[in-house]
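Reading the sequence shown from the start, the letters are residues 0 to 425 in numbering that gives the first Met the number 0.
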Amino acid sequence: MDKFIIKGGCTLNGEVTISGSKNAALPILIATMLSSDDSIIGNIPNLDDVQNLKQLLMDFGIKILHFDKKNYFSHIINKEFCYSEPSNEVVKKFRASILMLGPLLAKIGKAKISLPGGCAIGKRPVNMHLDGLSMMGANIIIENDQIKAHVPNGRLSGARIKFRFPSVGATENIMMAACLADGTTILENAAQEPEIIELAQALNSMGSMIIGAGTRTIQIIGQKSLKGMRHIISPDRIEIGTFIAMATITGGNIFIKNVCLKTLQSIVINFQKIGCNFHVDQNGVRVNASKQIQNINIKTAPYPGFPTDMQAQIMSCLCVANGISYIQENVWENRFMHTLELTKMGADISTHGNLAIIKGKNKLTGSKVKASDLRASAGLIIAALSAEGTSEILHIHHLDRGYVTLENKLVQLGVDILRVNDSNIL
Ligand code: UD1
Numbered sequence: 000m001d002k003f004i005i006k007g008g009c010t011l012n013g014e015v016t017i018s019g020s021k022n023a024a025l026p027i028l029i030a031t032m033l034s035s036d037d038s039i040i041g042n043i044p045n046l047d048d049v050q051n052l053k054q055l056l057m058d059f060g061i062k063i064l065h066f067d068k069k070n071y072f073s074h075i076i077n078k079e080f081c082y083s084e085p086s087n088e089v090v091k092k093f094r095a096s097i098l099m100l101g102p103l104l105a106k107i108g109k110a111k112i113s114l115p116g117g118c119a120i121g122k123r124p125v126n127m128h129l130d131g132l133s134m135m136g137a138n139i140i141i142e143n144d145q146i147k148a149h150v151p152n153g154r155l156s157g158a159r160i161k162f163r164f165p166s167v168g169a170t171e172n173i174m175m176a177a178c179l180a181d182g183t184t185i186l187e188n189a190a191q192e193p194e195i196i197e198l199a200q201a202l203n204s205m206g207s208m209i210i211g212a213g214t215r216t217i218q219i220i221g222q223k224s225l226k227g228m229r230h231i232i233s234p235d236r237i238e239i240g241t242f243i244a245m246a247t248i249t250g251g252n253i254f255i256k257n258v259c260l261k262t263l264q265s266i267v268i269n270f271q272k273i274g275c276n277f278h279v280d281q282n283g284v285r286v287n288a289s290k291q292i293q294n295i296n297i298k299t300a301p302y303p304g305f306p307t308d309m310q311a312q313i314m315s316c317l318c319v320a321n322g323i324s325y326i327q328e329n330v331w332e333n334r335f336m337h338t339l340e341l342t343k344m345g346a347d348i349s350t351h352g353n354l355a356i357i358k359g360k361n362k363l364t365g366s367k368v369k370a371s372d373l374r375a376s377a378g379l380i381i382a383a384l385s386a387e388g389t390s391e392i393l394h395i396h397h398l399d400r401g402y403v404t405l406e407n408k409l410v411q412l413g414v415d416i417l418r419v420n421d422s423n424i425l
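Next comes the structure, spelled out in structure tokens:
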């Protein structure tokens, strides 16, 4: 297992390029299953989750050729698509694997897939995915950790589905399934995340008719068939947010190339409040954070609220803020695992259910800490950047699920960071 060794106390300076969005790329790659034509997708991030998904797609006879390594352009060849049961072992490695269920039921009327895995940040149920697909006519049972589903007459039917919570995954799964259903599907209380809009754009480029993506009500008019897609994945907004947090905690001055802040409003507003400045020009965004970090109260919420995927990163910044901050985690019930590790670095954090109280300290101290999930890893790296002395961050494989060569990008920004393979890490 790999670990990072980081020498703290640096100030980030320089330019950074953001990779394609993980949360956009995974559903969009899965959406190619809906067509028998080839698709071409650019800016696919080279991440562990993407590699695992490619392995699952190949089990279905789908070939993936990288014809432009620099821009991560891939040619997805669907001609030999055939029914398969995705490997349980690979499905368990990442949560987005559940997104294959809707497209499989829509395209071939049957699916057998293990319940998904992913970060251990909560119970992570999939009841809304299954209820929605059942309302569209699928028969679904769960047996021995396996979802077994089929559509009796071979084709799903449009339905009116109201989500209890605006689930990103359930919205994506049902939206993809509805593209090949008979009739019209209406999704109410749908997720509004930018990745939903991007998936809808990619599906519409395949000939789907999706109206309203990005609002709470999405209408999908089912089609008989779809063609291949042409799509370029957007930069990862959570990676942008992570670099903003890194600049903030180190009092840095960095330029994030080729991005805009349209989909980062809640992140930008809150980082401005704690002392970060943003200057936007046509080539990207300059982030300048020379001031003392101020305390703040934050509640995570579905988009356009403050993203749960940025909670660990801003918490690390607040550990060295001027005063007491409160963070309420409203999306996942078990997403404070990084707090214990941050206290090992000298942070003063107490948690009470879904509330974390962070008393700002003058400094953190380098320490040996263990990453528990993807964004917790990023949070610990951020803390280590400002800490006095050297930190070791164990279990970096969590980070590799969602950040492309983060250490190389940090080296370019002046950080003393080393990836070490340590076979003694448990
Ligand atoms: C969620 C986040 C997403 C983030 C991802 C990984 C939100 C709204 N979604 O997406 O931004 O990138 O985690 O951190 O912020 N739920 C159910 N039943 C279901 C599905 C979900 O009860 O069938 C509940 C979950 O337990 C959770 C909430 O809904 O409390 C959010 O789930 P959902 O949006 O589906 O999760 P992801 O799609 O993984």
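Here a beta-carbon is modelled for each residue, glycine too, at the ideal position from N, C-alpha and C. None of these values were measured; they are calculated from a predicted model.
Discussion item. Ligand 1 and F164: does any heavy atom of the ligand fall closer than 8 Å to the residue's C-beta?
Written reply: yes
Discussion item. Using only CA atoms, which one of T342, M309, A346, G322 lies nearest to M331?
Written reply: According to the sequence displayed, residue 331 carries Trp and not Met. Nearest of T342, M309, A346, G322 to W331, Cα basis: M309.
Worksheet item: If you draw a straight line from the C-alpha of V267 to the C-alpha of N294, how long is it?
Response: 15 Å
Worksheet entry | First and last residue of the uninterrupted alpha helix (DSSP H) at R374 | 373-385
Item to complete: Could you tell me whether the Cβ atoms of L100 and A110 are closer together than 9 Å?
Response: yes
Practice prompt. Helix, strand or coil for G131, going by three-state DSSP, please let me know.
Written response: helix
Worksheet item: Going straight from the alpha carbon of S371 to that of D280, what length do you get?
Response: 37 Å
Item to complete: Return yes when at least one heavy atom of ligand 1 lies under 8 Å from the C-beta of P301, else no.
Response: yes
Item to complete: Using the Cα positions of E14 and V284, report the straight-line distance between them to the nearest angstrom.
Response: 10 Å
Practice prompt. Could you tell me whether any non-hydrogen atom of ligand 1 is closer than 8 Å to the CB of P306?
Written response: yes
Practice prompt. Could you name the residues of the same chain whose beta carbon sits closer than 6 Å to that of R159, not counting the 5 residues immediately before and after it, in chain order?
Written response: I185
Item to complete: Go through its chain and collect everything with a Cβ distance to S113's Cβ below 7 Å, but skip five positions before and after it.
Response: N87, V90, K91, D144, Q145
Worksheet item: From I231 to D37, what distance separates their C-alpha atoms?
Response: 15 Å
Worksheet item: Going by DSSP, what residues sit across from H149 in a beta bridge?
Response: K109, N138
Worksheet item: What are the complete beta strand (DSSP E) segments, minimum 3 residues, inside the region 202-262?
Response: 208-210, 217-220, 229-231, 252-256
Worksheet item: In angstroms, rounded to a whole number, what distance separates the CA positions of I220 and A30?
Response: 16 Å
Discussion item. Taking 9 Å as the threshold (C-beta atoms), are I395 and K358 in contact?
Written reply: no
Discussion item. Would T216 and E194 qualify as a contact pair, given that the criterion is a beta-carbon distance under 9 Å?
Written reply: no
Worksheet item: Any heavy atom of ligand 1 closer than 8 Å to the CB of E171?
Response: yes
Worksheet item: Which of helix, strand or coil does DSSP assign to G168?
Response: helix
Worksheet entry | Nearest to G304 (by Cα), restricted to the options F59, I5, I63, A190 | A190
Worksheet item: Buried or exposed: Q264, going by 16 or more other Cβ atoms within 10 Å of its Cβ?
Response: exposed
Fill in: Where R285 falls: helix, strand or coil (DSSP)
strand
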